[in-house]
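Positions 182 to 294 (the working numbering) are the ones given, in order, by the sequence shown. Glycine residues also receive a C-beta, built at the ideal position from the N, C-alpha and C atoms. None of these values were measured; they are calculated from a predicted model. A short worksheet on the structure shown next.
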Amino acid sequence: MDGIAGTTAVTGGSPEFAMTRMDEEQHPECDVYVEDNRAATMVSEVLANVDRNILSRSKIIPFGAASVGKALGQMAHNKRFPRPSLVFLDKALPRRQWQENGLSSHGRRSSGS
């Protein structure tokens with residue numbers, strides 16, 4: 182990889198990382214599903230603030246309705262996607278619906294209840 186100190190070898194990189202470096206097309210390593218463009222902007226800003234490299238290796242996809250996000254979350258939980266995927270829902274759903282679906286308020290499966 183080219184840097185200030187010259188060209189260096191990178192070991193342990195994913196095929197997607199290598200493809201992104203070899204051409205101008207993005208080859209994301211994970212998908213991040215969010216409800217809308219506002220959420221996409223917020224997640225992008227958080228990732229860029231934490232580590233810009235993570236942002237460039239992720240694809241943020243707005244999905245629309247919370248019911249779609251719920252279905253995507255179940256698919257991600259059951260590993261139905263070709264690459265690692267995260268789904269973020271806002272807390273607009275009533276707490277009862279979160280609990281009925283075995284989800285915490287953070288969108289993760291709860292272990293106890």
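Leaving out five residues before and five after residue i in sequence, what residues of the same chain have Cβ atoms less than 7 Å from its Cβ?
i, result
"residue 262", "212 and 256"
"residue 253", "214, 244 and 268"
"residue 241", "213, 215, 221, 224 and 225"
Could you tell me the distance, in whole angstroms, from the CA atom of residue i to the CA atom of residue j?
i, j, result
"residue 249", "residue 223", "20 Å"
"residue 220", "residue 228", "12 Å"
"residue 142", "residue 235", "Coverage of the chain is limited to positions 182 through 294, which leaves residue 142 absent and any answer about it impossible."
"residue 233", "residue 258", "26 Å"
"residue 217", "residue 247", "10 Å"
"residue 251", "residue 209", "22 Å"
"residue 230", "residue 270", "21 Å"
Look up residue i in the DSSP assignment and give the residues it is bridged to.
i, result
"residue 268", "214"
Let's see if you can read the secondary structure: which residues bound the beta strand (DSSP E) around residue i?
i, result
"residue 240", "239 to 243"
Check for me: the alpha helix (DSSP H) holding residue i runs from which residue to which?
i, result
"residue 251", "247 to 258"
Give every residue of the same chain whose Cβ lies closer than 8 Å to the Cβ of residue i, excluding the five residues on either side of it in the sequence, and list them in chain order.
i, result
"residue 239", "209, 210, 211, 212, 213 and 228"
"residue 260", "none"
Compute the minimum distance between the beta carbon of residue i and the heavy atoms of the ligand COA, and state whether it is under 7 Å.
i, result
"residue 229", "No copy of the ligand COA appears in this structure; indeed no ligand is present at all."
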